[in-house]
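Taking it in order: structure first as structure tokens, then the write-up.
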Amino acid sequence: EVQLEQPGVEVKKPGESLKISCKVSGYSLTSYWIGWVRQMPGKGLEWMGLIHFADSDTRYSPSFRGQVTISADKSISTAHLQWSSLKASDSALYYCAGAVAGTSWFDPWGQGTLVTVSS
Amino acid sequence: QSALTQPASVSGSPGQSITISCTGTSRDVGGHNYVSWYQQHPGKVPKLLIYDVTNRPSGVSNRFSGSKSGNTASLTISGLQAEDEADYYCNSYTSSSPNYVFGTGTKVTVL
Chain A
224 EVQLEQPGVE
234 VKKPGESLKI
244 SCKVSGYSLT
254 SYWIGWVRQM
264 PGKGLEWMGL
274 IHFADSDTRY
284 SPSFRGQVTI
294 SADKSISTAH
304 LQWSSLKASD
314 SALYYCAGAV
324 AGTSWFDPWG
334 QGTLVTVSS
Chain B
255 QSALTQPASV
265 SGSPGQSITI
275 SCTGTSRDVG
285 GHNYVSWYQQ
295 HPGKVPKLLI
305 YDVTNRPSGV
315 SNRFSGSKSG
325 NTASLTISGL
335 QAEDEADYYC
345 NSYTSSSPNY
355 VFGTGTKVTV
365 L
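Residue numbers (my numbering), protein chains in the order written: chain A, 224 to 342; chain B, 255 to 365.
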């Protein structure tokens, strides 16, 4: 069974950097995509971008390109989402979701990381 | 890439059937049979209900069914139950980066 593990909560101040993780277990990463999804309080799901573990092919949503960096480290089976300088408006719930290459659906999902940015 | 359009809310009585629409364009919903649906209860992780327009993963109730016509995909919930009260999102493959787009989300209320 594939599982995605995310830290539960991150609390940061404006201007600080942050890197959150999504650890994959139970599946060969040679043909696996991880997508990052933002959900702001009381709002819907938004794709931020996707990364393919095998070759680090990364695709960003235009809304998030240049605002975040998505990366993957095959050696530790972990994908990352990072910010260099957080803003209060980055406060949200961030999910990672997995998809086998060649399929079009995302399952499973991580439990989500709640990021709070406040001075 | 704009979000796919879903009705903000749909309601029905227990036992009834309801349908949630998901309207896109020929670049997403209409151009591929790669539409999936997710259910999200308050405070919970989204759960896959339907993939590739009509397919149900193992363990998902057969009360949930999907279809597509042109640029609009639909999710039908038959025999509505109280536990179906949740938010529902469609997701489609698209030719625009990052190659997927969600719908705006629909809140289902069981009266």
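Even for Gly, the Cβ is constructed at its ideal location relative to N, Cα and C.
Identity of the residues DSSP links to residue i by a beta bridge
i                      : result
residue 275 of chain A : A:256
residue 303 of chain A : A:244 and A:294
residue 301 of chain B : B:293
residue 322 of chain A : A:256
residue 266 of chain A : According to DSSP, which records beta bridges pairwise, residue 266 of chain A is partnered with nothing at all.
residue 308 of chain B : Answer is none; residue 308 of chain B lacks a bridge partner.
residue 356 of chain B : B:345
residue 258 of chain B : B:357
residue 351 of chain B : DSSP lists no partner for residue 351 of chain B.
Helix, strand or coil at residue i according to DSSP, with G and I counted as helix
i                      : result
residue 320 of chain B : strand
residue 312 of chain A : helix
residue 239 of chain A : coil
residue 251 of chain A : coil
residue 346 of chain B : strand
residue 295 of chain A : strand
residue 336 of chain B : helix
residue 285 of chain B : helix
residue 338 of chain A : strand
residue 287 of chain A : coil
residue 224 of chain A : coil
residue 328 of chain A : coil
residue 314 of chain B : coil
residue 280 of chain B : coil
residue 329 of chain B : strand
residue 267 of chain B : coil
Burial state of residue i (16 or more Cβ within 10 Å)
i                      : result
residue 355 of chain B : buried
residue 265 of chain B : exposed
residue 229 of chain A : buried
residue 262 of chain B : exposed
residue 264 of chain A : exposed
residue 321 of chain A : buried
residue 311 of chain A : exposed
residue 225 of chain A : exposed
residue 336 of chain B : exposed
residue 260 of chain B : buried
residue 365 of chain B : exposed
residue 291 of chain A : buried
residue 338 of chain B : buried
residue 327 of chain B : buried
From the options, residue whose alpha carbon lies closest to that of residue i
i                      : options                       : result
residue 262 of chain A : B:364, B:358 and B:362        : B:358
residue 312 of chain B : A:283, A:270 and A:330        : A:330
residue 275 of chain B : B:329, B:334 and B:365        : B:329
residue 292 of chain B : B:307, B:282 and B:286        : B:307
residue 256 of chain A : A:231, A:301, A:309 and A:290 : A:301
residue 298 of chain A : A:252, A:274 and A:266        : A:252
residue 326 of chain A : B:318, B:287 and B:332        : B:287
residue 317 of chain A : A:268, A:290, A:282 and A:307 : A:268
residue 305 of chain B : B:270, B:339 and B:314        : B:314
residue 274 of chain A : A:295, A:307 and A:291        : A:295
residue 247 of chain A : A:314, A:288 and A:319        : A:319
residue 231 of chain A : B:302, B:270, B:298 and B:326 : B:298
residue 346 of chain B : B:361, B:322, B:267 and B:363 : B:322
residue 308 of chain A : A:234, A:241 and A:342        : A:241
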